[in-house]
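>
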Amino acid sequence: MTRSQFLDDISTARAGPLPLGVIDVKAGDDDGEVKFAFVGHPAPFKNGSVTVTASIQDLGTYPKSHEYFIFCGDNAPRDMSDTLAPVGGINKKINKKPVLEMLYIMSAALRRVQPDRDGDVQMLSEEDEDEAEHDEEDDDAEEEEDDDGNEDDDSGHGLLVAHTRIRSDLRSVKSAGFRVGQLGHLLTAGSGYVVVSIRIAKLGISEEAMQAWQVQSTEYLTLLIQYRNGYKTNEQISSMDSARLLPNVGIRIVIGKLPKPTLQEVIDVFTSARNEKHHSRTDGPAVGDANNEASSIRGSFISKPLDALLDDRLVSILRFRSLGMSRRGAEEHFLACRSTGPAENPVIADARVFEKEVVSAALPHIVRADHYETAPDQSKVSFPLLAMQFVLRHFVRCTEFCMVCHRKLESDVEAIKPYVCDNPLCLYQYMTLGFGPSIEHEVIAQPYVVDLLVSFCYNSAAGLKLHDFPDGLSLVVPPIRSSKYNPAGSNAATARKAPKHARTADVGTRDKFPTFDVKYLQGKGELIFAKGDPEECPVRCGQWIVLTSSAITAQDLHCRVAGTTFFPTISIDNPVVVPQQAAPYSLASTPAASPDVVDASFQMYSQDFDKLSTEAKCLAIGRLLDTLPTVNEMRHYLEKRHSASLQGWTERISPSAVSLLRWIIASNRACIMQVDGNAPPEGESAATASQAPSVFGKTHERCHGMKGYMQFRFAMGAPDKEQRFITEVRKTTTRLSLIHPTIFAWHGSSLANWHMIIREGLHYNNVANGRAYGDGVYHARDATTSTGYCKPGKHGGAGVRGVWPSSILNISSALALNEIVNAPKEFQANTPYYVVKQLDWIQTRYLFVQVNPKTDDVMIGPEVVPRHVHPQDPAHTPRGISATDGLIIPASAIKSGKRAATPSPHIDPLPFKKKLKLSGGGAASDPVVIADEDDNGSIATDDEDRDLLVDEPGELPQTDFVPGSLKFDTLPIMPLPTYATSAATKRLMQDLRSLQKLQDSTPLAELGWYIDTEKIENAYQWIVELHSFHTFEYQGKKLPLSEDMKKKGITSVVLEVRFNKDYPFSPPYVRVIRPQFLSFAAGGGGHIVIGGAICMELLTNTGWLSTSSMEAVLMQIRLAIASEPYARLGPHANRDYGAAEGAEGYLRACRTHGWQVPPGFREMAYSGSSH
């Protein structure tokens, strides 16, 4: 490489985020020079910046063997000049480094000798000096590497060192709870792929969110990392600029049916990614698309924005994280640096970017975990693990970020679907670049939901209640004359008053938007201009116009210009007939009878939507929606044309109307799923059903007692809202000893309000009907009470302009059925309404819509009592419209009342030589048999990947642990529990079986724990040994606990794990039996409290999730014991802890941290103790 590479690297450095304290990077006056200014960090210099110049004498050696000569300006402090001057000092570290990496090294060196605010220089401690010497030794070793970071040493020793690092990085991934594998030739220093995956069920995402995101609990979120020139460590990747990163590393996210795709599938993913970089948008299906049944992978609902985020920012953000910034702080600092531009002064990082981010405790531990906080050696962290944790942050918490700029949304609105921020540019990119949902998929899969969404928007626009608009989408609409437009019918045109926020103005005028007089030949679809007026054709082919004629009474004809070749005669497509602006409402769909040739006039779609007043925007939205076909017509068009797009139906739908429809669907942030459909019932042939395309629903989830109402499953709130709700239910149930944890009640609102409700959720920020009983969300026990608040008023209802004319449902009212924590005495008010102020106490379940279908194709489900009924509190059972005895709700639709799934009836032999003794759920002579559906497949390593994780003979870590040597007769034995249940017993046996499979296939030292399943006689008490702590290192040193155990001849930490009847919905209780450890006060740690209990939020009701696997729990406990502050053995290490003192320690820890104790804990923990 020569001068051009050097200049390109300078340009790249200027364009990206610069190191702390560095600004104004530019090429120097002479060839081979790069200059920058150092302004100081964290505090700026008092006397301005210091100019630093780095010069390369021979550019022909760049970027492999060049050497820098460094000098600085006369105003530099003496210590800074001394740091830059000595040959072999800073020069030795930066030689052979590209420009950007050189800048980062210089920044770190200059910040160490930067004077503080008093002018004093921060002196290096002995530890810092040792670390600096160690860094220099590392730099000497790195000089042996080539430009791509590959070792020049091809000897066995060089490969062994590389293999050791690869294994270390990937073991970190596996220890964190992910499945990891490889494809290709990573172990032979060739190109290859690392595959990291996790089952969707483990991410704490609600079922409603999975439905909204179009993922299934059994699928896998999979990270694919492509190493094009051999494996690269995090340090090597962080040192690369964008020009070097692209040829070396690629990253993609997919959803997989299996935890590991095939090599060909992965190759196809990255081939498709490269093709997309050369084509802005492709019309064909993506690689691994859901429609491609042969592929096991497909794109996720946010694949495009997430892939763009990983390509653009991941490495830069990780660089900032290595400086100590928090996740959110690093992302905000990146955005701040980018917004300033390369030529501006960079943003000085303030203290806030180093503050730890507060994350919802409702999220699973694996989503909240941070490798930078737990890694023993911060200088050698695992890039695949950091990347996967970054992906989880932006996948699971996607609703918290803008899908385009990825800024954290500063809003109190909780949503179940992701969207964009308030920046119109983000909305434009979201819609035009294909980041939003597929409207075609929604129209085909859920036509009733699309009809519902459009109807809500139309009614809200007619009532002038829209607040958010599709600004920034370059919409052009027909000229709007708001003084003449009548959205509510002719009788209300002059009486209507605009809301205070609307600005009443007649925007359209004949001068601003000219009108053209023509002869309209209805039979031929032609318009003829008068000769010479105008001289040139005023319209272009494809443009939309609105045509009116006195001969065509009370109707506007919207049509597309089909051809202008024979001007002054132009041809038009078949017009879309809508009621005229100021005419009485009509459902006419074809022009009234009139002469074949009529005098007419037209105006073009030329009004800029963004420039309209608030009121005029509402009216413009109404006019565009007037032109849309019915959802059945759109569905029919799409099903006749495979992979068709509504954007291609140019002769029927205007581009503005398509964009508006896309905005309506994409901006819906609730999950609404059809319950009713017109598909033939089971046992009935398609021939006897409607001839229209089948609309599939879930009629088994239909409630009984709302005859005549169409039903939809309905969920709002963040993806973790369900978990927060269940947590509140559990807490209140325990506190009040409830038999029925929840109740149900109705919430009604005008149709004009529902467009806003499904975007913002239920809250009480706005007052619509007063607050006579205080602040909160108002509910009624009786449906007829809530329907009184659903009246559309003067802007809605059947037969007036407030109803979308193309609706096949013809909606007249809507009300929601919500599940609420059963504590009416703690509500803001409980009579005559339930007024609930605590929003986490409310979870929406159903949306009931009163409809008057226009066609026989739309069918409402039968009024049938569900086969399995959800039990309700008799004192608070809601009443429906058609049932006096109360609304009957199917059990399958309510998660708070669900029990553990019934196992498969297929019989498999028990995996243990001894059958487990049971109580309550069976007996030894009648063993309970479990299904083979366990979670082992989601975490176990493939045989072909074992070489990637298992040490080679020359580096195999030995262990002094001997399995099976523990004497069980010296351990406290828990009596057979009287509280045992069949469901919990079956699940525990399933988990033991899964762990045994993993244990049999994994080396002892790698696994780090051992369960002697042959000696377990009680499924509710496990004895687990943790061992091989010598495999942990911190900054090159052995773990203190490992040294303590070696000195005392102890080879394992013996744990007792107990389970209660609610497992897996309640966490296990884990305590140390032996050895005894130092307490925190005495200098101990490792999350072990006085009494031996393990103190972790994960093991309380606050942090536990039913999706947690016991393998992941054991990994987390072992990592917690090995983390700072370190666990140390006490002076009485050979003694055992008592069961009672362990339980007391656990309860104290929960009280101290505010964690919720699982119900039934005392019965479980004290069983068999002397307490």
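Going by UniProt numbering, the first residue of the sequence shown is number 1, and it counts up by one from there. Glycine included, every Cβ here is placed at the ideal spot set by N, Cα and C.
(1) Could you have a look at residue 5 and say whether DSSP puts it in helix, strand or coil?
(2) Using CA atoms only, rank isn't needed, just tell me which of 262, 1015, 660, 1050 is closest to residue 1028.
(3) Are the CB atoms of residue 676 and residue 699 within a distance shorter than 8 Å?
(4) How about the region 397-404 and the region 414-426: do they share at least three Cβ pairs that are nearer than 8 Å?
(5) Is it true that the CB of residue 627 sits closer than 8 Å to the CB of residue 576?
(6) Where residue 640 and residue 444 are concerned, what is the direct C-alpha to C-alpha distance, given to the nearest angstrom?
(7) Nearest to residue 193 by CA position, among 524, 239, 243, 248, is which residue?
(8) Starting from the C-beta of residue 338, find all residues in its chain whose C-beta is less than 7 Å away, skip the five residues before and the five after it, and write them out in chain order.
(9) Rank 1127, 633, 865, 802 by C-alpha distance to the C-alpha of residue 706 and give the top, closest one.
(10) In angstroms, rounded to a whole number, what distance separates the CA positions of residue 810 and residue 1151?
(11) Do you know offhand how far residue 851's Cα is from residue 803's?
(12) Quick one: any contact between the region 596-608 and the region 451-469, if contact means 3 or more CB pairs under 8 Å?
(13) When the Cα of residue 324 is compared with those of 309, 378, 305, 308, which residue comes out closest?
(14) Using DSSP's beta-bridge definition, name the partner residues of residue 747.
(15) Skipping 5 residues on each side, what residues in its chain have a beta carbon closer than 8 Å to that of residue 263?
(16) What residue from 435, 730, 781 has the CA that sits closest to residue 746's CA?
(17) For residue 172, I'd like the list of residues in its chain whose CB is within less than 6 Å of its CB, leaving aside the five on either flank, ordered along the chain.
(18) Is the region 1036-1049 touching the region 973-990 in the sense that three or more CB pairs, one from each, lie closer than 8 Å?
(19) Quick check: the Cα distance between residue 977 and residue 1115, rounded to an integer number of angstroms?
(20) On the DSSP letters alone, give me the boundaries of the alpha helix (DSSP H) that residue 1146 sits inside.
(21) Between which residues of its own chain and residue 257 is the CB-CB distance below 7 Å, once the five residues before and five after are set aside?
(22) Do you know offhand how far residue 994's Cα is from residue 986's?
(23) By the 10 Å Cβ neighbour count, where 16 or more other Cβ atoms means buried, how is residue 757 classified, buried or exposed?
(24) Taking the alpha carbon of residue 167 as the point to measure from, which residue in 711, 1006, 1145, 1138 has its own alpha carbon closest?
(25) Helix, strand or coil: which one does DSSP assign to residue 864?
(26) May I ask you to verify whether the region 711-718 touches the region 1139-1146, counting CB pairs closer than 8 Å and requiring at least 3?
(27) Hey, could you find the ends of the alpha helix (DSSP H) residue 238 is sitting in?
(28) So is residue 84 buried or exposed if we call it buried at 16+ other beta carbons inside 10 Å?
(29) State the Cα-Cα distance for the pair residue 912 and residue 1015, rounded to the nearest angstrom.
(30) Could you check if residue 65 is buried or exposed, using at least 16 other CB atoms within 10 Å of its CB as the buried criterion?
(31) Return the residue from the list 722, 228, 1132, 229 that minimises the CA-CA distance to residue 364.
(32) Please report whether the beta-carbon of residue 629 lies at a distance below 8 Å from any beta-carbon of chain D.
(33) Here's a check: name, in chain order, each residue in its chain whose Cβ is nearer than 6 Å to the Cβ of residue 854, leaving out the five neighbours to either side.
(34) Threshold first: 4 residues or longer. Then list the alpha helix (DSSP H) segments lying entirely within the region 709-763, N to C.
(35) Pick helix, strand or coil for residue 990, following the three-state DSSP scheme.
(36) Excluding the 5 residues flanking residue 1058 on each side, which residues of the same chain have their C-beta closer than 7 Å to its C-beta?
So, to answer that:
(1) helix
(2) 1050
(3) yes
(4) yes
(5) yes
(6) 11 Å
(7) 248
(8) 17
(9) 865
(10) 56 Å
(11) 11 Å
(12) no
(13) 378
(14) 816
(15) 183, 184, 193
(16) 781
(17) 382, 385
(18) no
(19) 27 Å
(20) 1139-1153
(21) 219, 296
(22) 12 Å
(23) buried
(24) 1006
(25) coil
(26) no
(27) 234-238
(28) buried
(29) In this prediction, residue 912 scores a pLDDT of 37, lower than 50, which makes its location untrustworthy; the coordinate-derived value is nonetheless stated afterwards. Rounded to the nearest angstrom, the two C-alpha atoms are 9 Å apart.
(30) exposed
(31) 722
(32) Here chain D cannot be found, since the structure has a single protein chain.
(33) 808, 810
(34) 721-736, 751-760
(35) helix
(36) 974, 1020, 1021, 1068, 1069, 1164, 1165
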